[in-house]
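S.K.: Residue numbers (this note's numbering), protein chains in the order written: chain F, 1 to 421; chain G, 1001 to 1500. Beta carbons: idealized from backbone N, C-alpha and C, even for Gly. Values in this document were obtained by computation on a predicted structure and should not be read as measured data.
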Amino acid sequence: MSARNRELANLLAVGVLTGLGFASVYIARQSEISTGSLSYAGFFFGLYLVAHAVCRFTIPYADPYLLPMAALLTGIGLTAIYRLDPEDAFRQGRWIAISVVFFAAILLLLRRDYRRLESYKYLFGLGALVLLALPALPGIGETVNGARLWVRVGAFQFQPGELAKLMLIVFLAGYLREKREVLAQGRLKDFGPLLLIWGGAMLVLVQTNDLGSALLYFGIFLGMLYVATGRLAFVIAGLALFLGGSYAVYTFVPRVQDRVSIWLDPWKDAQGAGYQIIQSSYSIASGGFGGTGFGRGTFTGTGGDQVIPFLNTDFIYSAIAQEVGLVGASALLLVYMLFVVRGFRTALLADDGFSKLLAAGLTFGFALQTFIILGGILRLIPLTGITLPFVSYGGSSVLANFALLGGILLVSNRAGARGGA
Amino acid sequence: MNKQITRLAVTGVALIGALIVATTYWQAWAAPDLQDRQDNAIQRVAQFTVKRGRILASDRRTVVAGNEARRVSGKTFYFRRYPQRGLFAHVVGYSNEARSRAGLEQSQNDYLTAANENLGTVLDSTLDRIRGTTVEGNDLVLTLDARAQRVARDVLGGRCGAIVALEPRTGRVLVLVSSPSYDPNVFQGKNGLARVGRIRADCKPANALYNRATSGLYAPGSTFKVVTASAALDGGRYTLESKFDDPGFCVEYGRRVYNYFDQTLPSGYGRVDFLDAMQFSINSVFCNIGKRLGPLAVLDSARRFGFFAKPPLETPEAERRASGLYDRGRLFRPKDPSDVDPGRLAFGQERLLVTPLQMAMVAAAVAAGGTVLEPHVIDRIVSPGGRTVLESEPKALGRAIERSTAADLTTMMKAVVAGGTATAAQIPGVVVAGKTGTAETGVRGVNTTSFIGFAPAGAPRVAIAVILENQRGTGGKTAAPLARPVLQALLGTTSNSVEG
């Protein structure tokens, strides 16, 4: 079977699963929602058929599993969001449609050779910096839930950090490919850019008050630096720098201190700052082994009030874990794991430095982001407000993740064309 | 670069793997603990999706605790309702949104929420979940007689005290009223505790939540003489005909202990026998018996009636207390006879504190020929399908006294009601046996009064204990009259006008 036929078969399976998901939400909540809900599954399936058609035309040799996995993740996310609030699901569905168009545009534009992006690497680096600085600008920057990560222009709200992440990866892939030999020698003067990026991460941390984003950008950088130079010492030095810097920030940013103390003992302030993470743990715990079933979880009180705040963005995993239980949540995480495995496989198969760095960077960014948000929810690390790729409610996040998917697929297509997969 | 990419891939996969491990920890390992936490909002809400079993009085028609179904954002919630309001509050307790529970609502929660059924197959529960079946709990049928319970509440009339009635040969609790009471429905709303805290009565603190019947500790006064007499008769050292001289006091530790605090009362009965001593509750006689037997023998008799242990009952253990000697608020088991004043112990003073339930058990044991039955308030537990899940059987706690001793005590207690201190407990056409108690509280003229008894004396069907706080009169004047209407209600004889 050719790669694209395999992709189509996988997409059909995903379509059936998504249909089942919506059907079970509908059955469980008939009294609340209309039969129109079932059309979501159809619309969604149609959307992915379009994406598949574009892939068939632009990247015939690309990995056949990545798109279906992304479809499955967005399908699960949309079902969960729909279950929590049908109106949010409508908005999310619209964003997925926009993102698929964006995805198609990227594939169409770069189908001949995405590697020409390398020549614009400094432009991407600059773009990343500008995007990161946007929320800090007065007038358009916005603070949501204590973190300054948002930009608002009129009714249009956007989290530029998500796209900045991708631009940073493109820049790093180009820059590190060029400088990797020099850097590998380990002369101090070559580490100017490294320190610059560390400084940038710290700046992001201070400015956004968000440990998660800083950790994400810096983690991606260290991962790619390691891939480029093969020097573990750099990673260790970088981590030490990051931890030192974080500690310094910790000592004088109260919000970061709060996050850490909630992480260590949320029950210290169970009705206040710790409430969200505590109720989130309760939600996960009450899922148990098999979960309550889609549509049957408990998220509202006896008065119809919401039990966990920010459930559909930061805490969507807590909602999903309650309804699908350990079996379902583990399956979901295995999909993430598989996505990561396929992404790195693409990096391994790629034949040039830029492609390898790009695919590895994009994939590692995806894995790290998943870890940072879920690790926060599961209390492995302090909680930060970033989104769960493909699943969380949020337009910028979905858009950026489709771009990320496009990037990996482009690399994969090139490698596949050579290998004749 | 491939070596590095492989390592980075391993790192990425390990990060996701750590998430799976963490999820497993929360959903499998930590879950049971988290589910039990009181501030768990999910469980708080989830409990309302369970249709808790009803709690019914012994007639199986009087609903003591039921549910009201309401739909909120797509879910059917069952809210707890107590149609009898305060009447059964201290037995049934309450169950509210904050998952704080009391009484049977707390101790029988597993039956009421059908959590006892989780032995069913995984397939069954999965099918139930797919069908969205509402979990329906088991109904509790109580042994309590709704009519007699109402009579007991009415005769108490909000005064502080308690009435407990038992069926002597089975241990069934027929009446259990603690006063003042509260309406468990207030706990469904906000500030329930504060609202209950505002309930006032003629004692301080009124503490309406407190189950005086099972955890109220009172000085028993002369009702304890039944226990002393048990010790005296059981060993064969005394008989009903044993003779005593009553000078109006007895000498302890070189000092006179008068029969009454009030020295204006008759100074002494002179030559009396044991039966007279019980009939007129003569302290000096019991004082001397106590000195002769020694305190440990009397306490040993008490122990056989169930003192020094929490009486078994289905209510939560924290809502029951043991009767016995208390020293600085704690149960005190003397090893050495010199630790206890034998004379005062014998007529129910010393540091003796008893619960109304325990005193009802004493009366019931005498009525049942010497055997103490475990009191129980749940008659049976019935599944939603009508199947009897559990049925209470009479269970003996042990033998307190010989059969002959029980017969002698019955003779004595009949005399007390027929022509002694408890004539107010007489019922036309029914022979009642009983004993009164009046214990000083330390405030002059204010007593804790009590009555224990059973009827009909020939073939006892009901044993009863009444205890009242803050009374101006004696047990015979205040407590004994309350026993009569309750006994009548339980015996099915016509209920005469009730004294408030």
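1. Spell out whether any CB of chain G is found under 9 Å from the CB atom of Ile76/F.
2. What are the residues in the region 249–261 of chain F lying within 8 Å of chain G by C-beta distance?
3. Going along chain G, which residues have a C-beta under 7 Å from Val101/F?
4. According to DSSP, what are the bridge partners of Lys165/F?
5. Using the beta-carbon count (16 or more within 10 Å), is Met1278/G buried or exposed?
6. If I follow the unbroken alpha helix (DSSP H) through Asn1447/G, where does it start and stop?
7. Whole beta strand (DSSP E) runs in the region 1138–1192 of chain G with 3 or more residues, listed along the chain?
8. Within the 9 Å Cβ cut-off, does Met69/F reach chain G?
9. For Asn1067/G, name the three-state secondary structure that DSSP assigns.
10. Looking at C-alpha atoms only, which residue of Arg180/F, Leu132/F and Gln92/F is the closest neighbour of Val76/F?
11. Would you tell me roughly how many angstroms separate the C-alpha atoms of Ala270/F and Gln279/F, rounded to the nearest one?
12. Are there 16 or more other CB atoms within 10 angstroms of the CB of Met1/F, so buried, or fewer, so exposed?
13. Express the C-alpha separation of Phe158/F and Ala1014/G in angstroms, rounding to a whole number.
14. For a minimum of 4 consecutive residues, which ranges assigned as the alpha helix (DSSP H) are wholly contained in the region 1328–1408 of chain G?
15. Establish whether the CB of Leu1119/G and some CB of chain F are separated by less than 9 Å.
16. In angstroms with no decimal places, state the Cα-to-Cα distance between Arg111/F and Thr58/F.
17. Just grab the DSSP bridge partners of Leu1325/G for me.
18. Can you have a look at Ser1338/G and say buried or exposed, based on whether 16 or more other CB atoms are within 10 angstroms of its CB?
19. Only counting the same chain, and skipping five residues up and downstream in sequence, which positions put a Cβ closer than 6 Å to that of Asn1185/G?
20. Give me the chain G residues within the contact set of Ser355/F, using Cβ-Cβ distance strictly less than 9 Å, ordered along the chain.
21. Does any CB atom of chain G fall closer than 9 Å to the CB of Val391/F?
22. Candidates Ala1206/G, Glu1136/G, Asp1276/G and Thr1410/G: which alpha carbon is nearest Gly1158/G's?
23. Going by DSSP, what residues sit across from Ser1095/G in a beta bridge?
24. If we define contact as Cβ-Cβ less than 9 Å, is Tyr1025/G a contact residue for chain F?
25. I think Ile386/F touches Leu216/F, with their Cβ atoms under 8 Å apart; what is that distance to the nearest whole Å?
26. Which residues in chain G sit within 7 Å of Leu362/F, going by Cβ to Cβ distance?
27. With burial defined as no fewer than 16 other Cβ atoms inside 10 Å of the residue's Cβ, what is the status of Thr251/F: buried or exposed?
28. Which of the three DSSP states, helix, strand or coil, is assigned to Tyr1218/G?
29. Counting contacts by CB-CB distance shorter than 9 Å, is Asp1110/G in contact with chain A?
30. What first and last residue would you give for the beta strand (DSSP E) that runs through Phe1249/G?
31. If you draw a straight line from the alpha carbon of Ala104/F to that of Val398/F, how long is it in whole angstroms?
32. Of the choices Gly192/F, Phe221/F, Asp63/F and Arg255/F, whose alpha-carbon is the least far from that of Ala164/F?
33. Can you name, in chain order, every residue of its own chain whose Cβ lies under 8 Å from the Cβ of Gln30/F, other than the five neighbours on each side?
34. Name the residues in the region 1068–1080 of chain G whose C-beta lies less than 7 Å from a C-beta of chain F; which are they?
35. Grab me the residues of Leu1087/G's own chain with a C-beta within less than 7 Å of its C-beta, minus the 5 sequence neighbours each way, in chain order.
36. Based on the DSSP secondary-structure assignment, which residues constitute the bridge partners of Ile1055/G?
M.R.: Short version:
1. Contact of Ile76/F with chain G is not assigned, every C-beta pair being separated by 9 Å or more.
2. Under the 8 Å Cβ criterion, the region 249–261 of chain F contributes no residue.
3. Taking the beta carbon of Val101/F as reference, no residue of chain G falls within 7 Å; the closest one sits roughly 29 Å away.
4. Answer is none; Lys165/F lacks a bridge partner.
5. The residue in question, Met1278/G, is buried, as its Cβ has 16 or more Cβ neighbours within 10 Å.
6. Boundaries around Asn1447/G are those of the beta strand (DSSP E), Asn1447 to Ala1455, since no alpha helix (DSSP H) includes it.
7. Those beta strand (DSSP E) runs which fall completely within the region 1138–1192 of chain G and span 3+ residues are 1139–1142, 1161–1166 and 1173–1179.
8. For Met69/F, the answer is no, since every Cβ of chain G falls outside 9 Å of its Cβ.
9. Of the three classes helix, strand and coil, the one that applies to Asn1067/G here is strand, per DSSP.
10. Sequence check: residue 76/F is Ile here, not Val. Distances from the CA of Ile76/F to each of Arg180/F, Leu132/F and Gln92/F were compared; the closest alpha carbon is that of Gln92/F.
11. Looking at the two C-alpha atoms, the distance is approximately 9 Å.
12. Residue environment for Met1/F: exposed (fewer than 16 other C-beta atoms within 10 angstroms of its C-beta).
13. Ala1014/G and Phe158/F: Cα-Cα distance of roughly 31 Å.
14. Here the runs fully enclosed are 1342–1346 and 1356–1367.
15. Legend: pLDDT at Leu1119/G = 46, less than 50; position of this residue unreliable, value from coordinates given subsequently. So no, Leu1119/G is outside the interface.
16. Approximately 6 Å, taken between the alpha carbons.
17. Bridge partners of Leu1325/G: Leu1352/G.
18. Around the beta carbon of Ser1338/G, fewer than 16 other beta carbons sit within 10 angstroms, so the residue counts as exposed.
19. These residues qualify, in order along the chain: Tyr1082.
20. Within chain G, no residue comes near Ser355/F; the closest Cβ sits about 10 Å away, beyond 9 Å.
21. Taking CB atoms only, Val391/F has no neighbour in chain G less than 9 Å away.
22. Comparing Cα positions, the closest option is Ala1206/G.
23. Per DSSP, Arg1101/G.
24. Yes, Tyr1025/G counts as interfacial toward chain F.
25. Confirmed, Cβ separation roughly 7 Å.
26. Using a Cβ-Cβ cut-off of 7 Å, Leu362/F is close to nothing in chain G; its nearest Cβ partner there is about 11 Å away.
27. Counting other Cβ atoms within 10 Å of its Cβ, Thr251/F stays below 16 and is therefore classed as exposed.
28. Of the three classes helix, strand and coil, the one that applies to Tyr1218/G here is strand, per DSSP.
29. In the displayed structure, chain A is absent; the protein chains listed are F and G.
30. According to the DSSP assignment, Phe1249/G belongs to the beta strand (DSSP E) that extends over Phe1249 to Glu1252.
31. Roughly 14 Å between the two C-alpha positions.
32. Of Gly192/F, Phe221/F, Asp63/F and Arg255/F, the residue nearest in Cα terms is Phe221/F.
33. Once the five neighbours on either side are set aside, Gln30/F has no close Cβ partner at all.
34. If the cut-off is 7 Å between Cβ atoms, the region 1068–1080 of chain G has Val1072, Ser1073, Gly1074 and Phe1077 near chain F.
35. Within the same chain, Leu1087/G has close Cβ partners Gln1149, Arg1150 and Arg1153.
36. Partner residues in the beta bridge of Ile1055/G, as assigned by DSSP, are Ala1065/G and Leu1140/G.
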